[in-house]
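Structure, as structure tokens:
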Amino acid sequence: MTNARTHRAGEAAAATGHAAQAAATGRAAPPVEAGGAPPGPAVSTAGLPGWLQPVVRAAATVRPEQLSRFLPPEDGGGRQSAVLVLFGEGERGPELLLTERASSLRSHAGQPSFPGGALDPEDGDPATSGPLRAALREAHEETGLDPSGVQVFGVLPRLYIPVSRFVVTPVLGWWHTPSPVGVVDPAETARVFTVPVADLTNPAHRATTVHPGGHRGPAFQCGSSLVWGFTAGVIDRLLHYAGWELPWDRDRRVPLDWRA
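Mind the numbering: the sequence shown is residues 1215 to 1474 in this note's numbering, read in order.
Written out as structure tokens, the structure reads:
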């Protein structure tokens, strides 16, 4: 987190099957694992703050093609991964936890992103609770987050990042008990910070990125950081389908270079 906040605090249904259905009904679902893997995190909407209900409804109904034009290969290719889209409540109201990747990394260097990464074998079945476990594990490894303070309340459809061939499951979490977070490994992460949802919905902070290759996408100016790419795309769609989006100037453009 930033400054004083540092130490405070599908396939939506198909990707996790019964777990995503539980997110829509409010019932915790015991994960079903193949090969006798230990039980994974349950998905539950019980006890969430009222302001998160629009996100719960969006997660339960949104279709993959409504989130991105890049969907997982039909042949099952790609590397399974997960990210944690973690909502907390800070001094300025609802906020999201983000990290900034180290500038020395070979891919997506210096880019703000959700905590997350590839599934490990011990995370379990990618089709059930494997992504939930991976998202929490990666968030702990990258930021020091205590997973016991997070309630998983939904799962978005699996999406695809063509440049890295990652098949990504966005896991939605409520940070009910904030724990200290910060950079764990400087070789991987340059910064850990939160962004108020009020800043993300502020039209003055919104823009469209334009890559030299022609691709365009949403972006958010968060202080000194430009949030763009996959992370900005997920945020953009969540704001839209949760009904939080405000009209903004889509002709305001931010050019990217070939290294992006």
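Where a beta carbon is used, it is the ideal one built from N, C-alpha and C, also for glycine.
All of these numbers come straight from a predicted model, not from anything done at the bench.
- Burial is judged here by how many other beta carbons sit within 10 angstroms of a residue's own beta carbon; arginine 1293 has fewer than 16 and is exposed.
- Partner residues in the beta bridge of isoleucine 1375, as assigned by DSSP, are Phe1380.
- When rounded, the separation of the alpha-carbon atoms in proline 1384 and phenylalanine 1328 is 9 Å.
- Secondary structure of serine 1362 (DSSP, three-state): helix.
- Threonine 1422 carries a strand assignment under DSSP once its states are collapsed to helix, strand and coil.
- DSSP, read as helix, strand or coil, puts arginine 1293 in strand.
- Proline 1286 carries a coil assignment under DSSP once its states are collapsed to helix, strand and coil.
- In the structure shown, the three-state DSSP call for valine 1257 is coil.
- Rounded to the nearest whole angstrom, the CA to CA distance from glutamate 1402 to glutamate 1303 is 26 Å.
- Contact annotation: glycine 1331 and serine 1282 have beta-carbon atoms that are not nearer than 8 Å.
- By the CB criterion at 8 Å, glycine 1387 and phenylalanine 1444 fall outside the cutoff.
- Exposed is the label assigned to leucine 1460, since fewer than 16 other Cβ atoms lie within 10 Å of its Cβ.
- Cβ-Cβ distances below 6 Å link alanine 1341 to nothing in the same chain once the five nearest sequence neighbours on each side are left out.
- When C-beta atoms of the stretch 1308-1317 are compared with those of the stretch 1405-1412, three or more pairs fall below 8 Å, so the two segments count as touching.
- The three-state secondary structure of glutamate 1279, taken from DSSP, is helix.
- The secondary-structure analysis by DSSP pairs arginine 1405 across a beta bridge with Glu1314.
- For leucine 1370, no alpha helix (DSSP H) run applies, since DSSP gives it neither H nor E.
- In the same chain as threonine 1423, and ignoring 5 residues on each side of it, the C-beta atoms closer than 7 Å to its own belong to Arg1430, Gly1431, Ala1433, Trp1442, Val1468 and Leu1470, in chain order.
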